[in-house]
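K.L.:
So the sequence shown is residues 75 to 202, counted in our numbering.
For glycine and all other residues, C-beta sits at the position ideal for the given N, C-alpha and C.
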Amino acid sequence: MTSPLSPALPSFVSRTRALAVASLLGLIVLCVAWELWLAPLRPGGSWLVLKALPLTLPLAGLLKNRMYTYRWVSLLVWVYFTEGVVRATSDRGPSVPLAIIEVLLCLALFTACALHVRWRLRSAKATT
């Protein structure tokens, strides 16, 4: 959200924000559903569902459009990317497509965050 004192962001910067928030929410939902219902390691769920907790921390910062959050989320997402790649190549059964979806969501989140930071800084520099 922009404050009354700050100028409105260009539409392409707003779209990267929307993609970042959507892919982060998708990653949270995927992590929870994967470990509880879709392909848990144990019947009834797995403690691996706790891996979704760190993903909830940056959600408020992305929704408040804080630049610092976009920067550190682009680093945090590589942990989940690595997990997805490892599980896509080592697991069997329904975990493989779920891991591929996790990798794709991580790539979308990283791309959205990187582009958002770059284009927002460029937009701010152009307005000054």
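1) Would you call residue 91 buried or exposed, if buried means 16 or more other Cβ atoms sit within 10 Å of its Cβ?
2) Starting from residue 157, follow the alpha helix (DSSP H) in both directions and report where the run begins and ends.
3) Excluding the five sequence neighbours on either side, which residues of its own chain have a C-beta within less than 6 Å of the C-beta of residue 202, listed in chain order?
4) Looking at C-alpha atoms only, which residue of 84, 100, 87 is the closest neighbour of residue 154?
5) Compare the C-alpha of residue 123 against each of 105, 131, 87 and name the closest.
P.N.:
Inspection of the coordinates gives the following:
1) Counting Cβ neighbours within 10 Å, residue 91 comes out buried, since at least 16 surround it.
2) 141-164
3) none
4) 100
5) 105
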